[in-house]
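What follows is a short report on a single structure.
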Amino acid sequence: MGASDSIEVSEFCLEGRFIDFVIKDGYKLKGLMLGTHEGEFYIKFAKDLRAAFDLRLPPGTWLQVVGYKEYDIKKDKVTLKAVRVMAARSEMATVQTIAAPVEPLSIDNVQVKPAKTKSTILVCQKSDCMKRGGKAVCQALEAALSDRGLEDQVTIKGTGCMKNCKAGPNLVMPDKTRHSRIQATDVPALMDKHFADKSLETQPENLRKGAIFNTKFC
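Positions 169 to 386 (this note's numbering) are the ones given, in order, by the sequence shown.
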């Protein structure tokens with residue numbers, strides 16, 4: 169039996185609550201997590217959907233996702249790939265699965281917990297910005313969040329072109345401030361400027377007073 173013979177493909181349509189985006193390497197948008205009454209599902213995006221998706225989508229938004237379901241018989245594995253994502257009916261009071269996934273994907277007795285609201289740093293992931301140091305900037309941002317204990321409060325998400333290619337790398341902080349020509353070495357000062365208060369919140373109370381006098385601003 170060939171590889172194609174071992175994979176069954178069918179259409180699916182799910183409705184549920186948007187939980188969060190799935191980001192690879194700190195900036196590559198891969199898909200989303202959707203909460204339904206059967207549990208949480210990871211749904212990959214088709215390539216054209218990744219570039220067009222609005223990353224400002226609030227967690228908890230009701231969505232209808234339509235796409236293709238691939239079931240690998242040999243591996244007993246299901247992959248969901250979205251080709252269209254729409255707002256679900258506003259009057260819907262409960263999560264409903266329009267087309268249930270195959271049994272290996274079904275999760276019983278799982279309660280979907282509301283996602284915590286996070287601040288978001290948007291980073292352009294187009295080639296011009298990446299060539300000018302965008303990948304190193306993403307890595308520096310991840311390290312800075314970890315150093316400041318902000319991983320649970322701030323997330324990094326990749327975007328399409330910000331229309332300022334020659335001034336890359338480009339990023340937008342949670343307060344909508346846009347920064348251009350950012351290099352990895354600039355990140356610590358940038359984080360201190362935008363997240364000084366949040367960084368202090370994660371420290372023990374007896375250290376906060378001393379930390380205030382050591383905060384750097386650019």
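We put the beta carbon where it would ideally sit given N, CA and C, even for glycine.
Alpha carbon to alpha carbon, how far is residue j from residue i? Give it in angstroms, no decimals.
| i | j | result |
| --- | --- | --- |
| Leu217 | Val251 | 7 angstroms |
| Lys331 | His205 | 41 angstroms |
| Ile289 | Ile187 | 18 angstroms |
| His362 | Glu238 | 43 angstroms |
| Asp193 | Glu310 | 10 angstroms |
| Ser348 | Ser174 | 48 angstroms |
| Lys243 | Cys333 | 43 angstroms |
| Asp343 | Ser287 | 9 angstroms |
| Phe189 | Leu202 | 9 angstroms |
| Glu319 | Lys215 | 27 angstroms |
| Gly317 | Val253 | 33 angstroms |
| Val291 | Gly207 | 30 angstroms |
| Lys198 | Asp315 | 26 angstroms |
For residue i versus residue j, is the C-beta spacing smaller than 8 angstroms?
| i | j | result |
| --- | --- | --- |
| Gly235 | Lys249 | yes |
| Glu179 | Ile241 | no |
| Phe221 | Phe209 | no |
| Met341 | Ala312 | no |
| Thr327 | Leu223 | yes |
Quick one: what's got a C-beta closer than 6 angstroms to residue i's C-beta in the same chain, skipping five residues either side?
| i | result |
| --- | --- |
| Val305 | Pro337, Ile350 and Ala352 |
| Glu369 | Confidence at Glu369 is low in this model, with a pLDDT of 49, below 50, so its placement is unreliable and the value that follows should be read with caution. Cβ within range, chain order: n/a, list empty. |
| Leu296 | Correcting the residue identity first, residue 296 is Asp in this sequence and not Leu. Closer than 6 angstroms at the Cβ level, and outside the excluded window around Asp296, lie Cys333 and Gly336. |
| Ala256 | Glu183, Trp230, Leu231 and Gln232 |
| Ala219 | Gly328 |
| Arg346 | Val340 |
| Thr247 | Glu238 |
Would you grab the beta carbon distance between residue i and residue j for me? Rounded to a whole angstrom, and I think it's under 8 angstroms.
| i | j | result |
| --- | --- | --- |
| Gln293 | Lys196 | 6 angstroms |
| Ile211 | Leu200 | 6 angstroms |
Please check if any C-beta of chain B sits within less than 8 angstroms of the C-beta of residue i.
| i | result |
| --- | --- |
| Val233 | Included in the structure is just one protein chain, with no chain B present. |
Taking 8 angstroms as the threshold, find out whether the region 224-236 comes into contact with the region 175-187 through three or more Cβ pairs.
-> Yes, they touch.
Would the region 317-324 and the region 344-354 be scored as touching if the rule is three or more Cβ pairs under 8 angstroms?
-> Taking a contact to require three or more Cβ pairs closer than 8 angstroms, the region 317-324 and the region 344-354 do not qualify as touching.
Just checking, does the region 287-307 make contact with the region 331-340 on the three C-beta pairs under 8 angstroms criterion?
-> Judged by pairs of C-beta atoms under 8 angstroms, the region 287-307 touches the region 331-340, as three or more such pairs exist.
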